[in-house]
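Engineer: Next up is a structure, given as structure tokens.
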Amino acid sequence: ITVVVELLPNSMSFRFITTITVASEAEIPDDFSGRVRVTRNDVLESIIWVSRGEPEDPGPRIPAYTRYRPNGEVKQERHYRIGRLHDPARGQPAVRGFYEGGSRRYEEHFRYGRRHDYRSKPAITKWRKDGTVRVEWHYYEGLRVEVIAPVPA
14 ITVVVELLPN SMSFRFITTI TVASEAEIPD DFSGRVRVTR NDVLESIIWV
64 SRGEPEDPGP RIPAYTRYRP NGEVKQERHY RIGRLHDPAR GQPAVRGFYE
114 GGSRRYEEHF RYGRRHDYRS KPAITKWRKD GTVRVEWHYY EGLRVEVIAP
164 VPA
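Each residue of the sequence shown is one higher than the last, beginning at 14 in the numbering used here.
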């Protein structure tokens, strides 16, 4: 484990961030708070923000977990609140996956650790590489539900 303390700008001041670099997530200390960089063979695999050992978004637009491809592109982002997957803001999904090149692959909405539709948006949407929707699944409090469309008058 490599430990570094960094001084990062924070609005009109600065804050200290403890960053550790590990080879696997199993090496993260149970009560650690700060940023974790997971690397294998000197290639960044993921960045995880934790608070007392639990994943936690460090800010409103920064995911607690970001996984990278070997070329440095983002593969997946996950937002957590109190250690549970949770949509970071209204209408924004807790989990987003990307194809190589950056186009959307899938999005998942969560509410306090359970898949849950956001208004009329399905909890899970998956896209093909050409951008068309492949599947949409609806969930209510973690249970998959079928949505019945109203019959036109």
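From the three backbone atoms N, C-alpha and C, an ideal C-beta is built for every residue, glycine too.
Could I get the ranges of all uninterrupted beta strand (DSSP E) runs contained in the region 44-95, with 3 residues as the minimum, in chain order?
Structural biologist: Counting only runs of 3 or more, we get 47-53, 56-64, 78-81, 87-91.
Engineer: Quick check on the DSSP output: the beta strand (DSSP E) that includes Pro22 runs from which residue to which?
Structural biologist: 15-23
Engineer: My guess is that Lys139 and Val148 are in contact by the Cβ rule of under 8 Å, so how many angstroms apart are they, rounded?
Structural biologist: 5 Å
Engineer: Of all the options Arg28, Gly115, Val51, which has the alpha carbon lying nearest to the alpha carbon of Ser37?
Structural biologist: Val51
Engineer: Rounded to whole angstroms, what is the Cα-Cα separation between Asn84 and Arg127?
Structural biologist: 32 Å
Engineer: To the nearest angstrom, how far is it from the Cα of Gln89 to the Cα of Arg80?
Structural biologist: Their Cα atoms are separated by approximately 5 Å.
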